[in-house]
Amino acid sequence: MTDLDRRPPEAAPGEGPGHDSGGAAGSEARAELARAQAELLAALVAGGRAPGGFDRERLRIQSSSLIAKRRGVVARLRPDLLRALGGDFAAEFEAYARDRPKPSGGSRADARDFAEALRAAGRISDAPGPPARPWWARLTRRRTG
1 MTDLDRRPPE AAPGEGPGHD SGGAAGSEAR AELARAQAEL LAALVAGGRA PGGFDRERLR
61 IQSSSLIAKR RGVVARLRPD LLRALGGDFA AEFEAYARDR PKPSGGSRAD ARDFAEALRA
121 AGRISDAPGP PARPWWARLT RRRTG
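All letters in the sequence shown, in the order written, are residues 1 to 145 by full-length UniProt numbering.
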């Protein structure tokens with residue numbers, strides 16, 4: 001018999017030494033952790049207040065970075081909005097996204113909601129954007145003549 005054969009079985013997830021398997025204290029700790037995570041998430045993506053113990057400036061920088069990432073994706077999905085707004089695109093998207101988390105529908109829903117917000121504010125016409133191109137169309141080049 002080798003050392004590997006004598007090894008004790010691994011604990012199942014949520015079991016083992018140092019793990020509170022339940023009870024009132026475990027439930028309260030999980031609820032507190034969930035609350036703290038929700039506060040942190042709100043601070044990062046929905047303009048919420050920074051939770052205690054976190055560096056507000058670093059959270060602001062990270063939040064801005066996440067908005068910039070969203071802005072880049074929306075610009076790729078809706079280049080018509082980028083053209084229509086020109087140099088105001090970044091500021092307009094920042095104003096839109098600052099207190100609004102990314103929709104559950106993903107990036108396309110984010111782009112659609114941003115366009116709707118711009119239309120409602122009178123920043124763009126009511127004309128719909130260009131038809132969506134399939135992903136594979138970006139891989140091919142147009143050849144003329």
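Note that the Cβ used here is the ideal one computed from N, Cα and C, for glycine as well.
N- and C-terminal bounds of the alpha helix (DSSP H) containing residue i
i	result
residue 69	56-77
residue 26	23-45
residue 112	107-120
residue 95	89-97
Sub-9 Å separation of residue i and residue j beta-carbons
i	j	result
residue 39	residue 48	yes
residue 34	residue 59	no
residue 85	residue 92	yes
residue 36	residue 51	yes
Residues near residue i in its chain [Cβ-Cβ closer than 8 Å; skip 5 each side]
i	result
residue 115	78, 81, 124, 129
residue 45	63, 66, 101, 102
residue 54	40, 43
Nonlocal neighbours in the same chain, by C-beta distance under 7 Å from residue i, ignoring five residues either side
i	result
residue 103	109, 110, 113
residue 73	107
residue 126	119
residue 90	71
residue 122	none
Counted within 10 angstroms of its Cβ, other Cβ atoms place residue i as buried (16 or more) or exposed
i	result
residue 27	exposed
Is it a yes or a no for the region 65-82 touching the region 95-106, going by three-plus beta-carbon pairs under 8 Å?
yes
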